[in-house]
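Residue numbers for the sequence shown follow the numbering used here, beginning at 73 and rising by one. One structure below.
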Amino acid sequence: MLTVGIDVGGTSVRAGVVDARGAVLDTTRAPTPTGAQALEDAIVHAVEELAGRHDVAAVGLAVAGFVTADRRSVRFAPHLAWRGVPVADRVSARLGLPVVLEHDANAAALAEYRFGAARGAHVAVLVALGTGIGGALLVDGRVFRGAHGVAPELGHLRLVPDGRPCPCGKRGCWERYCSGTALAATAVELLAEYPAASTVLGREAAGDPRAVTGRRVAGAARDGDPLAQRAMTDLARWLGEGLALVADVYDPEVVVIGGGVSESAPLFLDDARQHYASVVTGAGHRPLARIRTAQLGDDAGIVGAAALARDVAMDVVRNGRPR
Numbered sequence: 073m074l075t076v077g078i079d080v081g082g083t084s085v086r087a088g089v090v091d092a093r094g095a096v097l098d099t100t101r102a103p104t105p106t107g108a109q110a111l112e113d114a115i116v117h118a119v120e121e122l123a124g125r126h127d128v129a130a131v132g133l134a135v136a137g138f139v140t141a142d143r144r145s146v147r148f149a150p151h152l153a154w155r156g157v158p159v160a161d162r163v164s165a166r167l168g169l170p171v172v173l174e175h176d177a178n179a180a181a182l183a184e185y186r187f188g189a190a191r192g193a194h195v196a197v198l199v200a201l202g203t204g205i206g207g208a209l210l211v212d213g214r215v216f217r218g219a220h221g222v223a224p225e226l227g228h229l230r231l232v233p234d235g236r237p238c239p240c241g242k243r244g245c246w247e248r249y250c251s252g253t254a255l256a257a258t259a260v261e262l263l264a265e266y267p268a269a270s271t272v273l274g275r276e277a278a279g280d281p282r283a284v285t286g287r288r289v290a291g292a293a294r295d296g297d298p299l300a301q302r303a304m305t306d307l308a309r310w311l312g313e314g315l316a317l318v319a320d321v322y323d324p325e326v327v328v329i330g331g332g333v334s335e336s337a338p339l340f341l342d343d344a345r346q347h348y349a350s351v352v353t354g355a356g357h358r359p360l361a362r363i364r365t366a367q368l369g370d371d372a373g374i375v376g377a378a379a380l381a382r383d384v385a386m387d388v389v390r391n392g393r394p395r
């Protein structure tokens, strides 16, 4: 049975056909539209494109936002246009296929538990670094959702009172200092300390400030650009700081670092581990979580959403309707 998993992020809509072993067989991608109807259209178009090449049984949407406990509606999504929208029912009606929603970090965590870096962990946390930060908590392979289906919203822990403004409405959220967006913002702030011609990023920003993206900063850091390396060091510090808070609350066995930024983990993860180990409560007198990069990489959300869609499709086969 093949299913489609779609990672609906703040930057792009990425869809893939996934088999029962978690292998991604085919993909398509488009920029994330700004309007709710346009976003729904983009999802439907992606599924129709893939379904034209494969026989698919169901669709899972990994959404960067608050999903209701029944996994049918999106309550709120800081980087998307949906507010209280029954997305699953609307997309299902257009496609004629079962559709299930899941928070994107939950989907990625489930994928890593079933197929990757969190396999077999009793308590596992996933921190997905992308446009923002997504967080998920698994206990014996089951997603902890909180009383209303929105936990744990780790990206919006306030690390810096009166810090950088966040689309969620607060200031100083963790994701404003530790994400792809944050990496670019830090680099732009650091530009004032470097003569424009002294670094590659400085020269690029002088021509077009929009050229300073998180992906570009990571590439410049790999190439030895001092400004980019300082921005990466700053990200590592904030990652370690946030992980210490997460460990104080959840005491996980494994923390999996996923999302697009994790592709650059060799540039920051060792520093983040060291900072985490030095500031966590009881440092030096407690077991530390193993901090790993996601084995499924940027595809984890797609794979997890597709796996959940497969669960729903199997329920339909067995019971005539999804649970």
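Ideal Cβ placement from N, Cα and C applies to all residues, glycine included.
For residue i, which residues in the same chain have their Cβ closer than 6 angstroms to its Cβ, ignoring the five residues on either side in sequence?
{"i": "D371", "result": "V96"}
{"i": "G291", "result": "none"}
{"i": "A190", "result": "E184, A196, V326, V328"}
{"i": "G354", "result": "none"}
{"i": "A319", "result": "V352, A361"}
{"i": "W154", "result": "A108, V146"}
Check residue i in the structure and name its three-state DSSP category.
{"i": "F458", "result": "Lying before the first or after the last residue shown, residue 458 is absent from the chain, which here runs from 73 to 395."}
{"i": "D212", "result": "coil"}
{"i": "A264", "result": "helix"}
{"i": "V232", "result": "coil"}
{"i": "D77", "result": "The sequence shown places Gly at residue 77, rather than the Asp named in the question. The answer is strand: DSSP assigns G77 an E or B state."}
{"i": "G332", "result": "helix"}
{"i": "D343", "result": "helix"}
{"i": "A129", "result": "strand"}
{"i": "T365", "result": "strand"}
{"i": "D323", "result": "coil"}
{"i": "R217", "result": "coil"}
{"i": "A87", "result": "strand"}
{"i": "L152", "result": "coil"}
{"i": "G192", "result": "coil"}
{"i": "G206", "result": "strand"}
{"i": "L317", "result": "helix"}
{"i": "R243", "result": "strand"}
{"i": "A200", "result": "strand"}
{"i": "P338", "result": "helix"}
So, for residue i: in the same chain, excluding its five sequence neighbours on each side, which residues have a beta-carbon less than 7 angstroms away from its beta-carbon?
{"i": "T100", "result": "A87, A118, E121, L122"}
{"i": "A114", "result": "V85, A102, P105"}
{"i": "T305", "result": "D343"}
{"i": "R144", "result": "P158, A160, D161, L173"}
{"i": "A259", "result": "L273, V284, V289, L299, A300, A303"}
{"i": "Q367", "result": "E184, G188, A189"}
If I measure Cβ to Cβ from residue i and keep anything under 8 angstroms in the same chain, skipping five residues before and after, which residues do I get?
{"i": "E325", "result": "A193, H194, V195, A196, A361, R362"}
{"i": "M386", "result": "M73"}
{"i": "A223", "result": "L209, F216, R217"}
{"i": "L229", "result": "C245, W246, G314, L317"}
My understanding is that residue i touches residue j, with C-beta atoms under 8 angstroms, so please give their C-beta distance in whole angstroms.
{"i": "E174", "j": "L380", "result": "6 angstroms"}
{"i": "E247", "j": "G227", "result": "4 angstroms"}
{"i": "V172", "j": "G235", "result": "About 36 angstroms; that fails the 8 angstroms criterion."}
{"i": "D79", "j": "G274", "result": "Rounded, the Cβ-Cβ distance is 33 angstroms, inconsistent with contact."}
{"i": "D161", "j": "H126", "result": "Actually they are not in contact, since the Cβ atoms of D161 and H126 sit about 24 angstroms apart, beyond 8 angstroms."}
{"i": "V146", "j": "V159", "result": "5 angstroms"}
{"i": "G81", "j": "G202", "result": "6 angstroms"}
{"i": "V116", "j": "L167", "result": "6 angstroms"}
{"i": "T75", "j": "R382", "result": "5 angstroms"}
{"i": "R136", "j": "A149", "result": "The amino acid at residue 136 is misidentified as Arg; the sequence shows Ala. About 6 angstroms; that satisfies the 8 angstroms criterion."}
Could you say which of the options lies nearest to residue i if we only look at CA atoms?
{"i": "R294", "options": "L339, G168, L133, C240", "result": "L339"}
{"i": "Y249", "options": "A264, E225, S336, V232", "result": "V232"}
{"i": "D142", "options": "T75, G188, H220, R382", "result": "H220"}
{"i": "G204", "options": "R382, L133, G330, L341", "result": "G330"}
{"i": "A377", "options": "E184, R155, A114", "result": "E184"}
{"i": "W310", "options": "Y322, R364, S251, R282", "result": "S251"}
{"i": "V384", "options": "V89, R93, A129, A110", "result": "A129"}
{"i": "A200", "options": "V321, Q346, S336", "result": "S336"}
{"i": "Y266", "options": "V289, D320, L299", "result": "L299"}
{"i": "H347", "options": "K242, L307, R243, A264", "result": "L307"}
{"i": "L263", "options": "G332, D297, R243, G137", "result": "D297"}
key: Within the segment 154 to 189, ranges of the beta strand (DSSP E) (whole runs, at least 3 residues)   = Runs of the beta strand (DSSP E) inside the segment 154 to 189: 155 to 157, 171 to 175.
ask   = Could you give the uninterrupted runs of the alpha helix (DSSP H) lying entirely in the segment 255 to 310, keeping only those of 4 residues or more?
value = 272 to 279, 286 to 294
ask   = Which runs of the beta strand (DSSP E) fall wholly inside the segment 92 to 149 and span at least 3 residues, in chain order?
value = 96 to 103, 128 to 135, 146 to 148
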